[in-house]
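This report refers to the structure that appears directly beneath it.
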Amino acid sequence: MSDPAARLRGAGLRATRSRLAILGLLGELGGHRSADELVERSRSRGHPIARATVYHVLQSLERAGLVLDADAGPGRTLYESAADRHHHFVCQDCGRIVDVPCLAGAKPCLTLVLPGVVVEEAQVIFRGLCASCTSGRAAVAPGRARRAAG
Ligand SMILES: [Zn+2]
Ligand SMILES: [Zn+2]
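Quick note on the working numbering: the sequence shown kicks off at 386 and runs consecutively.
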């Protein structure tokens, strides 16, 4: 399922050139990428894709479940190619994003008590300090850093 064309077909989407390019780029680069970065990468590879098209394609890939968006704070929607729904840890110091495996092992990870509501999935964002930022601050306030990560 790592072949972009096969993944698109499996999700019932037509394998257009821009969908193939963006899904391929996300898989190849790994991690979490902004739409701007995808525009930049496709241009630098000699296959420019218009910004509006990149957004449009990301939306359709997201609806089809081939791409996840990782909320990493204001003005910074990041996308990733992912098979498994997972959560994210965001470092408030350096902005590093770390994937966190599903906490419960099954959707939805969390349930809530809200009358009449059916929860299908939950995406949790953990905020705090990453390992390298924690070690940089360890001498100053180790206890504070640990609590911030919870
Ligand atoms: Zn950090
Ligand atoms: Zn992720």
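Heads up, the beta-carbon is just placed ideally off N, CA and C, and yes, glycines get one too.
In its chain, beyond the 5 residues on either side, Leu453, Asp454, Tyr464 have a beta carbon closer than 8 Å to the beta carbon of Glu447. Between Ile510 and Val475 a beta carbon distance of about 6 Å is seen, short of the 8 Å cut, so the two are scored as contacting.
Ranked by how close their Cα comes to the Cα of Pro486, the residues His472, Gln477, Thr496 have His472 in first place. The closest CA to that of Thr401, considering only Gly480, Leu488, Val442, is found on Val442. Glu465 is bridged by DSSP to Leu453. At a cut-off of 8 Å, the beta-carbon of Ser517 counts as near ligand 1: some heavy atom of the ligand is closer than that.
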